[in-house]
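Going down the list, the protein sequences come from chains A and B.
All residue numbers for the first sequence refer to my numbering, where the first residue is 1 and numbers rise by one.
All residue numbers for the second sequence refer to my numbering, where the first residue is 341 and numbers rise by one.
Here a beta-carbon is modelled for each residue, glycine too, at the ideal position from N, C-alpha and C.
Down below is the structure, laid out as structure tokens.
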Amino acid sequence: MKKKVVAVLAATLMVGTILVGCGGNSSANKGTKYSAALVTDGGGIDDKSFNQSAWEGLKSWGKDQGLKKGINGYNYAQSNDDSDFLPNINKLIKAKYATIFGIGYKIDNAISSAAKDNPKTNFAIIDSVVKGRKNVASVTFKTEQSSYLAGVAAAETTKTGRVGFIGGIQSDVIKTFEAGFRQGVKAVNPKIKVDVKYAGSFTKADVGQSLATAMFNNNEDVIFHAAGGTGAGVFTAAKNEAKNGKKVWVVGVDQDQKADGAYKGGNVTLASAVKKVGTAVEDLSKQAAKNKFPGGKTVTYDLKDNGVGIINDNLSASAWKSVQQYEKKIENGEITVNPK
Amino acid sequence: MLHSRSIRALAVPLISIIAGFIIGAILMLIFGYDPVQNYQNLFIGSLGDVYSLGETLRNMTPLILTALGFAVSSKAGFFNIGGPGQYLMGWFGSIVFALNFTTLPTWALISGSMVCGALLGGIWSFIAGFLRAYFGTSEVITTIMLNYIALYFVNFAVKNWLAKKGSDSSPNIVQRASLNTDFLQKITNNSTFNWGFFIAIITVFVIWMYFNKTRSGFEVRSVGLNEAASTYAGINVKKTIVIAMLLSGLLAGLGGAIDGIGNFQNISVSNNLPSVGFNGMAVALLAAENPIGIIFAALLFSALQIGGLSISVYSNTPSEIVDIVIASIIFFVGIKYIFEVILTRKWGKKQHKVTNGGANK
């Protein structure tokens with residue numbers, strides 16, 4: 001027993017010594033109002049969706065300003081677990097980033113408590129509303145509008161009269177996608193059946209794949225996914241079906257997902273209902289640099305100001321025309337899409 | 341003799357840790373990052389100031405308990421992979437109690453939450469232990485399956501019973517029920533450090549006492565060494581199996597409960613099983629299942645995780661490099677038999693000569 005204790009004790013000491021031996025603290029830094037950083041919500045900055053979009057927005061802003069990645073520039077902190085949110089935010093605060101973004105509604109608690117303790121730092125939360133903090137800007141998206149257009153695209157394309165929706169976790173945010181999609185499909189043809197399934201996760205591609213395969217077997221030929229990383233499996237399932245000669249489509253989400261639908265001999269991405277988290281991040285960073293950060297306010301992005309939208313990947317000419325018509329109707333207020 | 345043996349026991353984890361860091365350094369060099377700078381950031385980011393230290397200690401708290409849980413069942417010869425599920429049930433139990441019994445006095449509210457969490461975790465592993473003892477069902481399979489039952493049950497329960505409509509997390513518990521007090525926040529610069537850390541340390545010593553000073557603890561170890569011999573010696577093997585598994589789940593559940601009311605203050609629908617349950621197994625392996633050793637192994641793991649978050653903040657290096665270091669350490673612990681063989685050969689020979697020399701004189 002004793003020897004093991006000694007063993008581990010010495011091991012720990014040893015590591016400590018190695019690390020200390022590396023030298024003094026070099027992270028002396030001055031804060032500028034031009035620096036910004038984001039905290040991811042569990043997916044990485046390469047999740048082909050939400051976090052990636054945000055990171056690309058921040059990068060493009062940083063490059064415009066002639067900044068570099070790192071301290072006094074722009075940066076990210078990746079959360080591997082929900083318990084990493086607060087440490088990540090606090091590490092960024094200590095590194096003196098002037099504006100800190102929480103990407104995803106899951107981080108709202110952490111942003112709110114960090115904002116209380118650090119009133120001089122700007123915070124922004126995406127997809128949630130933090131109330132009662134003057135230094136927090138809340139950013140929401142009218143994703144029901146882009147999902148409505150995804151519904152139109154799906155309804156105009158389906159040959160079987162059945163379409164599917166795969167969501168990540170059932171929550172207010174994802175419900176807006178489902179609601180918009182349903183209304184869009186219904187607007188084109190109320191007889192089309194919409195099959196709705198939730199994967200219960202944003203990170204399980206395998207679950208996405210099996211749900212999508214079941215839907216395709218059930219004769220549904222267009223699937224709209226709002227499931228982040230789980231959506232990768234939806235694309236895999238569609239590509240497998242397409243390779244076997246079946247005509248199926250996927251409507252991508254958050255980013256233009258055309259590249260995800262590509263396979264040898266074709267592409268299964270019909271369209272992408274984009275949510276430009278990147279644009280929002282870029283906008284807010286610009287405003288912060290000009291001392292006009294909308295702290296304490298809720299900023300909403302919709303079709304009109306290009307915060308959400310639809311990208312044509314493989315739509316037929318007539319379907320695309322129909323989508324554009326509906327887009328105009330939403331923009332000029334002729335159609336209001338209900339988020340619930 | 342004893343001196344040389346203790347050095348040898350020390351050597352395996354030591355070599356593994358150093359090798360893990362070296363592999364990380366080599367990878368960083370290959371991809372053009374500065375290992376010295378990064379390891380320095382890692383160290384400062386985990387132990388360099390009171391805030392980071394607070395986070396590191398908070399992060400090691402559940403690791404200690406899930407590792408202890410794994411170690412207890414392992415001592416009895418069982419491979420309890422159910423740590424994540426038991427931890428999750430514990431977390432769930434503590435939040436449910438704290439949300440529903442807000443009228444209780446503070447001490448009862450907090451201890452009730454922890455007991456409730458620990459019990460739920462215990463029930464979860466008891467199921468596997470009972471099946472193992474009386475029906476011979478492999479505990480590896482049952483605990484893996486129970487993990488998923490826990491995950492989906494908790495997700496369902498949070499979504500349907502605890503969360504407000506449209507939300508996917510429960511409301512926060514009252515401040516009074518939290519293990520994270522103003523005092524601790526003040527002295528650690530608003531870190532999430534909480535009283536749970538001290539509870540975990542006390543638990544370590546209780547478990548150490550249990551194994552070394554009680555009859556039941558002796559029986560557990562004895563069953564782990566040889567089931568048949570234990571039966572012959574008059575130990576009730578079935579009962580011992582159930583006790584070991586139950587204790588194992590109680591500990592993991594307590595870990596979840598402390599994280600619940602100490603760190604998170606609520607519970608949300610989770611994508612995956614909590615990784616702290618699996619990391620606890622790694623910590624226990626690194627510590628060779630020694631309760632006191634677990635404290636130091638958990639500290640190392642936790643420091644790597646918390647310090648790792650700093651790597652991408654202070655440099656361009658992706659923080660995943662830390663995961664590679666951690667994984668390498670576990671890998672080297674896993675292949676420790678290779679080191680042991682090498683060490684035995686070298687040291688074995690030397691020792692032989694020395695003792696021979698002594699005898700000749």
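Within chain A, the residues that residue i reaches when beta carbons sit closer than 9 Å
i, result
"Val390 of chain B", "Simply none; closest approach about 12 Å."
"Ile363 of chain B", "The premise fails here: Ile363 of chain B is roughly 14 Å from chain A at the closest Cβ pair, so nothing lies under 9 Å."
Opening and closing residue of the alpha helix (DSSP H) in which residue i lies
i, result
"Thr396 of chain B", "390–415"
"Phe50 of chain A", "50–64"
"Ala438 of chain B", "423–440"
"Ala624 of chain B", "615–626"
"Val494 of chain B", "479–497"
"Thr580 of chain B", "577–598"
"Asp117 of chain A", "108–117"
"Tyr326 of chain A", "317–331"
"Gln377 of chain B", "375–387"
"Gly208 of chain A", "205–217"
"Trp447 of chain B", "446–475"
Proximity winner among the options, relative to residue i (alpha-carbon distances)
i, options, result
"Gln257 of chain A", "A:Asn291, A:Val268, A:Val299", "A:Val268"
"Ser128 of chain A", "A:Lys191, A:Asn109, A:Tyr198", "A:Asn109"
"Tyr654 of chain B", "A:Ile93, A:Ala54, A:Lys63", "A:Ile93"
"Ser79 of chain A", "B:Glu680, B:Gly452, B:Tyr550, B:Gly648", "B:Gly648"
"Gly161 of chain A", "A:Asn219, A:Gln145, A:Gly252, A:Lys120", "A:Asn219"
"Tyr646 of chain B", "A:Ser83, A:Gly229, A:Gln65", "A small correction: the amino acid at residue 646 of chain B is Ile; Tyr does not occupy that position in the sequence shown. Selected option, being the one with the closest Cα: A:Ser83."
"Glu327 of chain A", "A:Leu149, A:Asp302, A:Ala280", "A:Leu149"
"Thr373 of chain B", "B:Glu660, B:Phe410, B:Tyr550", "Inspection of the sequence shows that residue 373 of chain B is occupied by Tyr rather than by Thr. Among B:Glu660, B:Phe410, B:Tyr550, the Cα nearest to that of Tyr373 of chain B belongs to B:Glu660."
"Ala137 of chain A", "A:Asp117, A:Thr158, A:Gly102", "A:Gly102"
"Phe419 of chain B", "B:Gly593, B:Thr401, B:Thr482, B:Met429", "B:Thr482"
"Val251 of chain A", "A:Asp117, A:Lys116, A:Gly231", "A:Gly231"
"Asn133 of chain A", "A:Gly295, A:Val185, A:Thr176, A:Val337", "Note that residue 133 of chain A corresponds to Arg in the displayed sequence, not to Asn. Of the listed residues, the one whose Cα sits closest to Arg133 of chain A is A:Gly295."
"Leu303 of chain A", "A:Lys292, A:Gly208, A:Ile330", "A:Ile330"
"Ala351 of chain B", "B:Phe533, B:Lys686, B:Glu680", "B:Glu680"
"Leu565 of chain B", "B:Ser346, B:Ser414, B:Ala407", "B:Ser414"
"Gly278 of chain A", "A:Trp55, A:Asn291, A:Lys69", "A:Trp55"
Neighbouring residues, chain B, relative to residue i (Cβ below 8 Å)
i, result
"Leu92 of chain A", "Val653"
"Thr203 of chain A", "Asn611, Asn612"
"Lys69 of chain A", "Asn656"
"Lys175 of chain A", "Gly506"
Beta-ladder partner(s) of residue i, from DSSP
i, result
"Leu38 of chain A", "A:Tyr76, A:Phe101"
"Trp535 of chain B", "None, per the DSSP bridge assignment."
"Ala124 of chain A", "A:Phe101, A:Ala137"
"Trp249 of chain A", "A:Val222"
"Thr300 of chain A", "A:Thr140"
"Lys69 of chain A", "A:Tyr74"
"Asp305 of chain A", "Asp305 of chain A is not bridged to any residue."
"Tyr263 of chain A", "A:Gly266"
"Ser509 of chain B", "B:Ser608"
Contacts of residue i in chain A (Cβ-Cβ under 7 Å)
i, result
"Leu649 of chain B", "Ala77, Asp84, Pro87, Asn88, Lys91"
"Thr707 of chain B", "Given a span of 341 to 701 for chain B in the structure shown, any question on residue 707 of chain B remains unanswerable."
Amino acids of chain B, ordered along the chain, whose beta-carbon sits closer than 9 Å to that of residue i
i, result
"Gly57 of chain A", "Those within 9 Å of Gly57 of chain A in chain B number zero; the least Cβ separation is about 18 Å."
"Ala95 of chain A", "Ser650, Val653, Tyr654"
Contact list for residue i against chain A, beta-carbon separation under 8 Å
i, result
"Ile646 of chain B", "Pro87"
"Lys499 of chain B", "Gln170"
"Ser507 of chain B", "Ser171, Asp172"
Beta strand (DSSP E) segment containing residue i, residue limits
i, result
"Asn312 of chain A", "308–312"
"Leu519 of chain B", "Element bounds for Leu519 of chain B: n/a, residue is neither H nor E."
"Thr269 of chain A", "269–275"
"Ile166 of chain A", "162–167"
"Asp256 of chain A", "Neither: Asp256 of chain A is in no beta strand (DSSP E) and is coded neither H nor E."
"Lys197 of chain A", "193–198"
Partner residues on chain B for residue i, Cβ-Cβ distance less than 7 Å
i, result
"Asp81 of chain A", "Ser615"
"Ile100 of chain A", "Simply none; closest approach about 11 Å."
"Gly42 of chain A", "Asn611"
"Asp117 of chain A", "Asn530"
Determine contact between the segment 584–595 of chain B and the segment 494–509 of chain B, defined as no fewer than three beta-carbon pairs at a distance below 8 Å. no
Evaluate the contact criterion for the segment 354–363 of chain B versus the segment 54–70 of chain A: three or more CB pairs, one atom per stretch, below 8 Å. no
Any contact between the segment 165–175 of chain A and the segment 223–237 of chain A? By contact I mean 3 or more CB pairs, one from each, below 8 Å. yes
Give a yes or no on contact between the segment 482–496 of chain B and the segment 619–638 of chain B, applying the rule of three or more CB pairs nearer than 8 Å. no
Evaluate contact between the segment 569–580 of chain B and the segment 377–389 of chain B, counting only Cβ atoms and requiring at least three cross-stretch pairs below 8 Å. no
Pairs of beta-carbons, one from the segment 437–446 of chain B and one from the segment 572–582 of chain B, closer than 8 Å: are there three or more? no
Do three or more CB pairs link the segment 300–315 of chain A to the segment 271–285 of chain A at distances below 8 Å? yes
Report yes or no: do the segment 239–248 of chain A and the segment 209–218 of chain A share at least 3 C-beta pairs separated by less than 8 Å? yes
Take every Cβ of the segment 550–565 of chain B, pair it with every Cβ of the segment 613–625 of chain B, and state whether three or more of those distances are shorter than 8 Å. no
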